[in-house]
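**Q** Here you go, one structure.
Protein chains: 2
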Amino acid sequence: MTDHKKVALLYAQDHQKQTLDKMKELIAIPSISTDPERKDDIQKAAEWLKKELSDLGMTKVEIFPTPRHPIVYAENLNAGKEAPTVLIYGHYDVQPEDPIDEWKSDPFTPTEVGEFLYARGSTDMKGQIIATFSAVEAILQTGELPVNIKFLIEGEEEIGGSYLEVFIKENKDLLACDFFLNPDTGMLGPDLPSITYALRGISYFELRIMGPKQDLHSGTYGGVIHNPAQVMTDLLSGLHDDQGRVTMKGFYDKVLPLEQEERDELSRLPLGDDHYIDQAGVSKLWGEEGYTSVERTGARPTLEINGLYSGFIDEGQKTVLPAYAMAKVSTRLVPDQDPDEIYELFKTYLAENAPDTVTWQLDKLAADHPSMSDRKSPWITAYIKAAETVWGKRPLFVRIGGSVPVVVHIQQILGVDAVNIGFGIPGGNLHGPNENVHLPTLYKGIEALVHFFFNLKQ
Amino acid sequence: MTDHKKVALLYAQDHQKQTLDKMKELIAIPSISTDPERKDDIQKAAEWLKKELSDLGMTKVEIFPTPRHPIVYAENLNAGKEAPTVLIYGHYDVQPEDPIDEWKSDPFTPTEVGEFLYARGSTDMKGQIIATFSAVEAILQTGELPVNIKFLIEGEEEIGGSYLEVFIKENKDLLACDFFLNPDTGMLGPDLPSITYALRGISYFELRIMGPKQDLHSGTYGGVIHNPAQVMTDLLSGLHDDQGRVTMKGFYDKVLPLEQEERDELSRLPLGDDHYIDQAGVSKLWGEEGYTSVERTGARPTLEINGLYSGFIDEGQKTVLPAYAMAKVSTRLVPDQDPDEIYELFKTYLAENAPDTVTWQLDKLAADHPSMSDRKSPWITAYIKAAETVWGKRPLFVRIGGSVPVVVHIQQILGVDAVNIGFGIPGGNLHGPNENVHLPTLYKGIEALVHFFFNLKQ
Numbered sequence: 001m002t003d004h005k006k007v008a009l010l011y012a013q014d015h016q017k018q019t020l021d022k023m024k025e026l027i028a029i030p031s032i033s034t035d036p037e038r039k040d041d042i043q044k045a046a047e048w049l050k051k052e053l054s055d056l057g058m059t060k061v062e063i064f065p066t067p068r069h070p071i072v073y074a075e076n077l078n079a080g081k082e083a084p085t086v087l088i089y090g091h092y093d094v095q096p097e098d099p100i101d102e103w104k105s106d107p108f109t110p111t112e113v114g115e116f117l118y119a120r121g122s123t124d125m126k127g128q129i130i131a132t133f134s135a136v137e138a139i140l141q142t143g144e145l146p147v148n149i150k151f152l153i154e155g156e157e158e159i160g161g162s163y164l165e166v167f168i169k170e171n172k173d174l175l176a177c178d179f180f181l182n183p184d185t186g187m188l189g190p191d192l193p194s195i196t197y198a199l200r201g202i203s204y205f206e207l208r209i210m211g212p213k214q215d216l217h218s219g220t221y222g223g224v225i226h227n228p229a230q231v232m233t234d235l236l237s238g239l240h241d242d243q244g245r246v247t248m249k250g251f252y253d254k255v256l257p258l259e260q261e262e263r264d265e266l267s268r269l270p271l272g273d274d275h276y277i278d279q280a281g282v283s284k285l286w287g288e289e290g291y292t293s294v295e296r297t298g299a300r301p302t303l304e305i306n307g308l309y310s311g312f313i314d315e316g317q318k319t320v321l322p323a324y325a326m327a328k329v330s331t332r333l334v335p336d337q338d339p340d341e342i343y344e345l346f347k348t349y350l351a352e353n354a355p356d357t358v359t360w361q362l363d364k365l366a367a368d369h370p371s372m373s374d375r376k377s378p379w380i381t382a383y384i385k386a387a388e389t390v391w392g393k394r395p396l397f398v399r400i401g402g403s404v405p406v407v408v409h410i411q412q413i414l415g416v417d418a419v420n421i422g423f424g425i426p427g428g429n430l431h432g433p434n435e436n437v438h439l440p441t442l443y444k445g446i447e448a449l450v451h452f453f454f455n456l457k458q
Numbered sequence: 001m002t003d004h005k006k007v008a009l010l011y012a013q014d015h016q017k018q019t020l021d022k023m024k025e026l027i028a029i030p031s032i033s034t035d036p037e038r039k040d041d042i043q044k045a046a047e048w049l050k051k052e053l054s055d056l057g058m059t060k061v062e063i064f065p066t067p068r069h070p071i072v073y074a075e076n077l078n079a080g081k082e083a084p085t086v087l088i089y090g091h092y093d094v095q096p097e098d099p100i101d102e103w104k105s106d107p108f109t110p111t112e113v114g115e116f117l118y119a120r121g122s123t124d125m126k127g128q129i130i131a132t133f134s135a136v137e138a139i140l141q142t143g144e145l146p147v148n149i150k151f152l153i154e155g156e157e158e159i160g161g162s163y164l165e166v167f168i169k170e171n172k173d174l175l176a177c178d179f180f181l182n183p184d185t186g187m188l189g190p191d192l193p194s195i196t197y198a199l200r201g202i203s204y205f206e207l208r209i210m211g212p213k214q215d216l217h218s219g220t221y222g223g224v225i226h227n228p229a230q231v232m233t234d235l236l237s238g239l240h241d242d243q244g245r246v247t248m249k250g251f252y253d254k255v256l257p258l259e260q261e262e263r264d265e266l267s268r269l270p271l272g273d274d275h276y277i278d279q280a281g282v283s284k285l286w287g288e289e290g291y292t293s294v295e296r297t298g299a300r301p302t303l304e305i306n307g308l309y310s311g312f313i314d315e316g317q318k319t320v321l322p323a324y325a326m327a328k329v330s331t332r333l334v335p336d337q338d339p340d341e342i343y344e345l346f347k348t349y350l351a352e353n354a355p356d357t358v359t360w361q362l363d364k365l366a367a368d369h370p371s372m373s374d375r376k377s378p379w380i381t382a383y384i385k386a387a388e389t390v391w392g393k394r395p396l397f398v399r400i401g402g403s404v405p406v407v408v409h410i411q412q413i414l415g416v417d418a419v420n421i422g423f424g425i426p427g428g429n430l431h432g433p434n435e436n437v438h439l440p441t442l443y444k445g446i447e448a449l450v451h452f453f454f455n456l457k458q
């Protein structure tokens, strides 16, 4: 271990109290991005970050306004052209505090209980932002950075339609880097360091089936009009076969097959069937034959009905034959599926299967590509080594079923790979009441980051 | 023709102006049964009927209060025990005037335009009530009634859950009769006298499919949880085969087959495919193979989805895997199907087809038996003869796809057959804006009723 690394680690350990105080300061600003009344708090959080980044030794710090909430950028490129450059992502906005009645302490008054700090944003992701700040500070206060560092911190992650994608496209040179560090994922347990190397993409649709020109009396017309709700159930039901597979022609054509080595890695995850049964409160699981639950949710594409509407849905009865039916349908995609191609496949399915007694319309509401990082990249290798040093064990490799658009956008626009990590653990209640962060794990995370940055140089 | 009948018919013809004035008086009372603020108008309408029935020669007239809106009863039994007794049904309540903006004249200010009178209730059914009054008055003002007459006029037809059924059960002796005259149906055209001899029954259900204990993230759980919306579409889709038949085992077991003679009668109706295509605004019809449109809507049982709900149905996207799905499903039934048996068949279908990954619940929201009148009964024979005299042609025999609970209740509780007629014609806009009645047809209807009452005696 270099002397500088040793000293930096000691600095980080000695300054846990300061780290905690910084977290509390940032968390106390209720920067809820969806609430127009919090616009001043959003601005305040951005300014706080700017000052903090300057104080800890970033050489250039700037706030970029966007049509909505500002983006904070900072850099320290003193490591020089020979050293790798890492772009660290963060978002300083948080979810609303709803349901407020279920909080045991004020959501914006950070409250320590045992090893946990309770507050909105403690895990998602102000705690993680401060962890990266503390790691960088520990190194800079004890010497020079071994790598070039850029920070990109947005205020619109918890809101639909972030301007970040546009910003990245318009600032490719500013953001140029060797790889992308996204500390917005998590760990599967306090002693289970984890690396998320794949995220599913999404294609989200609204399907409408149109029948009669207006709602009809089901007594007078029942028997001669093809009920759009019935057509909808026929079409949606036909999208799965009895092995749980999606029936759209060509749906699986571009799916990268799981190799045995990857299946072995995934089988290490502590996410057995019991986990899903407990979390969902169901008696039995369901899914595509031939795959484990972890594979089904992370490594296989799926199709879900997210919403369904037709006719009369209030209390009681109304004998209506509905004029139309609507469904929200989404597919989760894995490499190398393409959301736009899935849209075409869905249209083909409808063209081939919808009866000529109705008309239909398929609108695309969202399209994000799936993403995958090279598990053998030098960046991931550097994090594996860091995690092994801090936690004494090899990290778990995780595929996440959800979609994180920023990772895909940066991969696609800047052409670099991502390292997705994080120090939040299960039970952190992201987006829910009593959100919390496990402080000992977060402090270990800071040490892991110090190791990581030094490992990158080698 | 008897002298009395001749004189009565002349009286009716001479008093068309008085009939029209009476209609206008009754229509001007806005007796909307669903509007609590019209409670006084409901009472006023009942009192108006009581006075009118006394004036025209009923020997006993009474208003029976119910927990909601009163029932008006009247009788004149002077024809004696040898003569048949007819129970004439009516309802003095009307639909709300919505949408008020689309009315060309005030809904409760009866307005004559050409041969039509426009007003809420003009066809449904204050006009028809006055027609029966005018026929009875014409006979009573010129002699004695050839039959015993009872009137039963309720104020809750346009509202859910009428108390009439209870009233009939509790007053079987008072209402005892040889048959039941229901002037609340219509004619298929101004020169097409019609007799409705069959009404479909209904069984209305709410089906719930329950999956996870709460809405889940479709990215995290999509692939291992059986989506209740998907199960719902599978179950509903399975309820029809590709010949348009309902697949519940035993669904058709009790259906009376259509005989050729009845099919011939039904084929006379001016309700070809074009009629349904125009009315519904569809490009193509659909239905059970082997039957005409009139047969499908009137003489065959059907199953419709009346409503469908699951998950997120607002604008935009939400990646939810819903906790449950709900459907409103109803079957229209024909003799001799039993709505309670259909409930059992539906439960059996669900028990056999629902997967064990979800739970389900089937609630029965309504159950009314189908009804059919003997087309060769003396009562219908008497009306055929009356219609032939007035319109010069044999009436059409109509089966209606909707359900009219009062007809079934009276048939079942009092054990008598029904004669369902009426003098409203297509375009009368029942329940819609600009409701109207064709006065020349209504006046002919009064003459038909005079003939009918005399014919009954023979």
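Protein chains in written order, with my numbering: chain P, 1 to 458; chain E, 1 to 458. Each residue gets a CB set at the ideal place from its N, CA and C atoms; glycine is no exception.
1. For His438/P, which option in Gly392/P, Glu170/P, Gly422/P has the closest C-alpha, if you only look at C-alpha atoms?
2. Give, in chain order, every unbroken run of the alpha helix (DSSP H) that is at least 4 residues long and sits entirely within the segment 370-454 of chain E.
3. Ignoring anything shorter than 4 residues, give me the alpha helix (DSSP H) runs that lie fully in the segment 298-375 of chain P, in order along the chain.
4. Spatial neighbours of Phe180/E within its chain, please: C-beta separation below 6 Å, excluding the five flanking residues on both sides.
5. With a cut-off of 7 Å, does the C-beta of Ala280/E fall near any C-beta of chain P?
6. Have a look at Lys364/E, Lys328/E, Glu112/E, Leu199/E and flag the residue whose alpha-carbon is nearest the alpha-carbon of Glu344/E.
7. How about Pro183/E and Thr132/E: do their beta carbons lie closer than 7 Å?
8. Determine whether the beta carbon atoms of Leu49/E and Ile153/E lie at a separation below 7 Å.
9. Using only the alpha-carbon positions, how far apart do Gly311/E and Gly189/E sit?
10. Determine the extent of the alpha helix (DSSP H) in which Met232/E is found, giving its start and end residues.
11. Have a look at Ile202/P, Thr196/P, Met23/P and flag the residue whose alpha-carbon is nearest the alpha-carbon of Arg120/P.
12. Please report the straight-line C-alpha distance between Tyr92/E and Glu165/E, rounded to a whole angstrom.
13. Between Met372/P, Ile446/P, Ile380/P, which lies nearest to Gln412/P when the distance is taken from Cα to Cα?
14. Identify the contact partners of Lys254/E in chain P, using a Cβ-Cβ distance below 7 Å as the criterion.
15. Within 7 Å (strictly less), CB to CB, does Trp286/P reach chain E?
16. DSSP on Tyr11/P, reduced to helix/strand/coil?
17. By DSSP's criteria, Ala135/E is part of a beta bridge. Which residues make up the other side?
18. Mind checking whether Ser283/P and Gly155/P have CB atoms under 7 Å apart?
19. Mind checking Asp191/P: buried by the 16 CB within 10 Å criterion, or exposed?
20. Would DSSP call Gly223/P helix, strand or coil?
21. Under a CB-based cut-off of 7 Å, is Pro433/E close to chain P?
22. Of the residues that make up the segment 392-410 of chain P, which ones have a beta carbon closer than 8 Å to any beta carbon in chain E?
23. In whole angstroms, what separates the C-alpha of Val329/P from that of Tyr163/P?
24. What I want to know is whether the C-beta of Trp48/E ends up closer than 6 Å to one or more non-hydrogen atoms of the ligand GDP.
25. Starting from Lys60/P, follow its DSSP beta bridges and name the residues at the other end.
26. Cα-Cα, which of Thr297/E, Pro426/E, Gln13/E is closest to Ser134/E?
27. Which first and last residues belong to the beta strand (DSSP E) in which Tyr118/E is found?
28. Between His69/E and the rest of its own chain, which residues show a CB-CB distance below 7 Å, the 5 nearest in sequence each way excluded?
29. Considering only the alpha carbon of each residue, which of Lys444/P, Met248/P, Leu140/P lies closest to Ile425/P?
30. Since Leu199/E contacts Gly402/E with CB under 8 Å, what's their CB separation in whole angstroms?
31. Enumerate in chain order the residues of its own chain whose CB-to-CB distance from Gly102/E is below 6 Å, with the five nearest sequence positions on each side excluded.
32. With respect to the beta strand (DSSP E) encompassing Ile100/E, which residues constitute its N-terminal and C-terminal limits?
33. When the Cα of Glu75/E is compared with those of Arg38/E, Glu137/E, Glu352/E, which residue comes out closest?
34. Rounded to the nearest angstrom, what separates Pro36/E and Glu315/P at their Cα positions?
35. So Leu239/E packs on Thr247/E, CB below 8 Å; how close in whole Å?
36. Since Leu396/E contacts Ser194/E with CB under 8 Å, what's their CB separation in whole angstroms?
**A** Reading from the atomic positions:
1. Among Gly392/P, Glu170/P, Gly422/P, the Cα nearest to that of His438/P is on Gly422/P.
2. Listed in chain order, the complete alpha helix (DSSP H) runs (minimum 4 residues) inside the segment 370-454 of chain E are 378-391, 405-414.
3. 339-353, all fully within the segment 298-375 of chain P.
4. Leu87, Ile410, Val416, Ala418, listed in sequence order.
5. Taking Cβ atoms only, chain P reaches closer than 7 Å to Ala280/E, which makes this a yes.
6. Looking at the Cα atoms, Lys364/E is the closest of the given residues.
7. Going by C-beta atoms, Pro183/E is nearer than 7 Å to Thr132/E.
8. The answer is yes: Cβ separation under 7 Å.
9. Taking the straight line joining both Cα atoms gives about 46 Å.
10. Counting along the chain, Met232/E sits inside the alpha helix (DSSP H) bounded by residues 228-237.
11. Nearest of Ile202/P, Thr196/P, Met23/P to Arg120/P, Cα basis: Met23/P.
12. Answer to the nearest angstrom: the Cα atoms are 16 Å apart.
13. Of the listed residues, the one whose Cα sits closest to Gln412/P is Met372/P.
14. Per Cβ cutoff of 7 Å: no residues; Lys254/E is ~18 Å from chain P at best.
15. The Cβ of Trp286/P sits closer than 7 Å to at least one Cβ of chain E.
16. Note: Tyr11/P maps to helix in three-state DSSP.
17. Residue pairing of Ala135/E in beta bridges, as defined by DSSP: absent, with no partner found.
18. No, they are not a contact pair.
19. Exposed, by the Cβ-count rule.
20. Assignment of Gly223/P by DSSP, reduced to helix, strand and coil, places it in the coil class.
21. By this cut-off, Pro433/E is not an interface position.
22. Those residues of the segment 392-410 of chain P that come within reach of chain E (Cβ to Cβ, closer than 8 Å) are Ile400, Gly401, Gly402, Ser403.
23. Cα-Cα distance, rounded: 25 Å.
24. Looking at this structure, you won't find the ligand GDP or any other ligand, since it has none at all.
25. For Lys60/P, which the question treats as bridged, DSSP gives the partners Glu75/P.
26. Of the candidates Thr297/E, Pro426/E, Gln13/E, Gln13/E places its Cα closest to the Cα of Ser134/E.
27. Start and end: 116-118.
28. Cβ neighbours of His69/E beyond the five flanking positions: Ser33, Ile42, Asp93, Gly155, Glu156.
29. Out of Lys444/P, Met248/P, Leu140/P, Lys444/P has the C-alpha closest to the C-alpha of Ile425/P.
30. The C-beta distance from Leu199/E to Gly402/E rounds to 7 Å, short enough to fall under 8 Å.
31. It should be noted that the sequence gives Glu, not Gly, for residue 102/E. These residues qualify, in order along the chain: Pro433.
32. For Ile100/E, there is no enclosing beta strand (DSSP E), as DSSP gives it neither H nor E.
33. Per the Cα distances, Glu137/E.
34. Taking the straight line joining both Cα atoms gives about 20 Å.
35. With 8 Å as the limit, Leu239/E and Thr247/E qualify as a contact, their Cβ atoms being about 6 Å apart.
36. The pair is a contact, with the Cβ atoms about 5 Å apart (cut-off 8 Å).
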